[in-house]
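Residues in the sequence shown are numbered from 24 upward in steps of one, following the working numbering.
All residues carry an ideal CB built from backbone N, CA and C; glycine is no exception.
What follows is a short report on a single structure.
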Amino acid sequence: MAPALPTVNTAETFPDTTTVVIIGAGIVGLSAALTLAERGIPVVVLEKGRVGAEQSSRNLGWVRKMGRAAPDVPMSLAADRLWAEMPERIGVDVGYRQTGIMYLARTEAEMDMHRQWLKTVEQLPLDSRLLSNRAIGDLVPGGKGDWAGGIYTPSDGRAEPTMAPSAIANAAIAKGAVIVENCAVRTLATAGGRVSGVVTERGEIRCEEVLLAGGLWSRKFLGNLGISLPTLPLISSVIRTEPMDGPTEIAVGGPDFSFRKRHDGGYTITQRGALGAPLMLDHLLIGLRYLPMLRGQRGLLRIRLGRDFVNDLRLPRRWGEKGPSPFERVRTMDPDADAAINAEAMRNIAEAWPAFSEAVIAEVWAGMMDITPDSLPVMGAAPKLPGLTLATGFSGHGFGTGPAAGALAADLVTGAPPIVDPAPYRLERFS
């Protein structure tokens, strides 16, 4: 089951020629389209399914700097500013609020991780601070946990994943962008050694530049072009409650639960210590690259072998202009929520904050994320293929940084001065 999304007034057809084609109408691609349209640059966004229907609308809505690798913090700082400007920019409130984010630690070992992170970012303009158990109780009353401590960033916040992508898409359209749904891009057209257009299931569009913002599907798209993008899938199961009186507006992440207030008065809840890890062929092909990550997160992954493996094997790994491509066979990745993981989340959260024992579950869903070996996205020019720029592999963090990532992608496509240094995101770091 997927969250309900507002309607976007997309186009039925696309022009023969444009300046930039964006593959993928998630929040990064849409933010890039909005930026380009505001600069007067013709842009067409092609989406194989519906606007924002995959991870961009299924994530937790956290907008955070806390816990990010130091090279990634400037992107998050830029995103804070752009989220704050969004209502004026697009004429719609998408629920952005700087209500703070807090992580909790049960053990001193977990607190040491927070202390070490603070040291890595001590030269950056952050307001993160460590908390005692008593301070946690003052900020989030009504809890029963005996915490070793926590870490809190008051300037972190939240926005609404079911509102933002559609609102940004409508604003981009109003400013001149063309967005077409249910139109898969099969491959690229080239001329003179560089990209000259894209080949879709409905025909070809000529263009000067292509931005690949395909999320989970980018690895398959690039693999068909002979470019290796190391990403593997993880699944997050999510709960939405009915409106309720909760302990705080602060988003809280415990070792085995998380919660954050929603614009509708309910809460978004997860089992923060458990992600579904469906085994697929790619685990055999590139799994060794993830060993350092796995050593630090052994208890996080719920590995399973089942129909995901079979379904993935059925999708072609090579195809031509005449298709069909995998993107036509699976318009929207819609994994099942894991009932056991969600039940754990509700037990754990009610034990820590008993107010949640009265929560009424309104909806559950799951989203599949594309994870890189270092959890940083891939942004920059594709190797050996001039005219193709990548903005993908956001590892579950793309919503929070989406407006800044989209702006950076637009800068990279047009050669404008970048909003942040793109060096940490180059694909070549995995070579």
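Quiz prompt | 7 Å Cβ cutoff met for Thr122 and Ile273 | solution = yes
Quiz item: For Ala187 versus Val144, is the C-beta distance shorter than 7 Å?
Solution: no
Exercise. Would you list, in sequence order, the uninterrupted alpha helix (DSSP H) runs of no fewer than 4 residues that lie entirely inside the stretch 130-172?
Key: 131-143, 156-162
Quiz item: Roughly how many angstroms separate the alpha carbons of Val218 and Ile64, rounded to a whole number?
Solution: 18 Å
Quiz item: For Ser189, which of Glu131, Glu70, Glu451, Glu61 has the nearest alpha-carbon?
Solution: It is Glu70 whose Cα lies nearest to the Cα of Ser189.
Exercise. Following the continuous beta strand (DSSP E) through Arg457, name the residue where it begins and the one where it ends.
Key: Lying outside 24 to 454, the shown extent of the chain, residue 457 is not represented and no answer is given.
Self-check item: Residues near Met134 by beta carbon distance below 7 Å, same chain, minus five either side
Solution: These residues qualify, in order along the chain: Ala128, Ala171, Gly172.
Quiz item: Which ranges would you report for the alpha helix (DSSP H) in the stretch 238-278 if only whole runs of at least 4 residues count?
Solution: Qualifying alpha helix (DSSP H) stretches, in chain order: 241-246.
Exercise. Taking Ala52 as part of the alpha helix (DSSP H), name the residues at either end of that continuous run.
Key: Sequence inspection shows Gly at residue 52; the Ala mentioned does not correspond to that position. Run containing Gly52: 50-61, per the alpha helix (DSSP H) assignment.
Quiz item: Contact between the stretch 253-270 and the stretch 370-388: three or more CB pairs below 8 Å?
Solution: yes
Practice problem: For my contact list, Thr254 and Ile394 are in at a C-beta cut-off of 8 Å; report their separation, rounded to the angstrom. | Solution: 6 Å
Self-check item: Three-way DSSP call (helix, strand, coil) for Gly215 in this model
Solution: It is coil, neither helix nor strand.
Practice problem: May I ask you to report which of helix, strand or coil DSSP gives Phe282? | Solution: strand
Self-check item: Span separating the alpha-carbon of Arg354 from that of Arg327
Solution: Answer to the nearest angstrom: the Cα atoms are 23 Å apart.
Quiz prompt | When Glu35, Ala446, Val31, Leu411 are compared against Ala236, the one with the closest alpha-carbon | solution = Leu411
Exercise. Work out the CA separation of Thr185 and Tyr290 for me, nearest whole Å.
Key: 14 Å
Quiz item: Are the Cβ atoms of Ile258 and Gly299 separated by less than 7 Å?
Solution: yes
Practice problem: Please state if the CB of Met392 and the CB of Pro445 are separated by a distance shorter than 7 Å. | Solution: no
Quiz item: Which class does Trp3 belong to by DSSP, given the choice of helix, strand or coil?
Solution: Any question about residue 3 goes unanswered here, given that the chain covers just 24 to 454.
Quiz item: Would you say Leu105 and Ala414 are within 7 Å of each other, going by their C-beta atoms?
Solution: no
Quiz item: Rounded to a whole number of angstroms, what is the C-alpha to C-alpha distance between Leu83 and Ala405?
Solution: 30 Å
Practice problem: Keeping to the same chain, check which residues put their C-beta closer than 8 Å to that of Asp268; ignore five residues upstream and five downstream. | Solution: Scanning its chain for C-beta atoms nearer than 8 Å, with the 5 sequence neighbours on each side dropped, one finds around Asp268 the residues Ala378, in chain order.
Quiz item: Taking 6 Å as the cut-off, is the CB of Phe282 close to at least one heavy atom of the ligand GDP?
Solution: Here there are no bound small molecules, and the ligand GDP is not part of this structure.
Practice problem: Taking Leu252 as the reference, give the member of Glu61, Phe332, Arg452, Glu108 with the closest Cα. | Solution: Arg452
Exercise. With DSSP collapsed to three states, give me the class of Pro110.
Key: helix
Practice problem: Tell me whether Pro358 sits in a helix, a strand or coil according to DSSP, three-state version. | Solution: coil
Quiz item: How long is the line joining the alpha carbons of Gly180 and Gly226, rounded to whole angstroms?
Solution: 42 Å
Practice problem: Kindly give me the distance between the Cβ atoms of Val74 and Ala182, rounded to whole angstroms, as I take these residues to be in contact under 8 Å. | Solution: That belief does not hold up - the Cβ atoms of Val74 and Ala182 are roughly 16 Å apart, past 8 Å.
Exercise. Would you tell me roughly how many angstroms separate the C-alpha atoms of Ile364 and Gly276, rounded to the nearest one?
Key: 16 Å
Quiz item: Of all the options Val86, Gly166, Ala360, Ala56, which has the alpha carbon lying nearest to the alpha carbon of Glu374?
Solution: Gly166
Self-check item: Integer-rounded CB distance, given that Thr42 should sit under 8 Å from Glu232
Solution: 7 Å
Quiz item: Using the rule of at least 16 other Cβ atoms within 10 Å of the residue's Cβ for burial, across every protein chain shown, is Leu399 buried or exposed?
Solution: Label assigned to Leu399: buried.
Quiz item: In angstroms, rounded to a whole number, what distance separates the CA positions of Val436 and Leu234?
Solution: 7 Å
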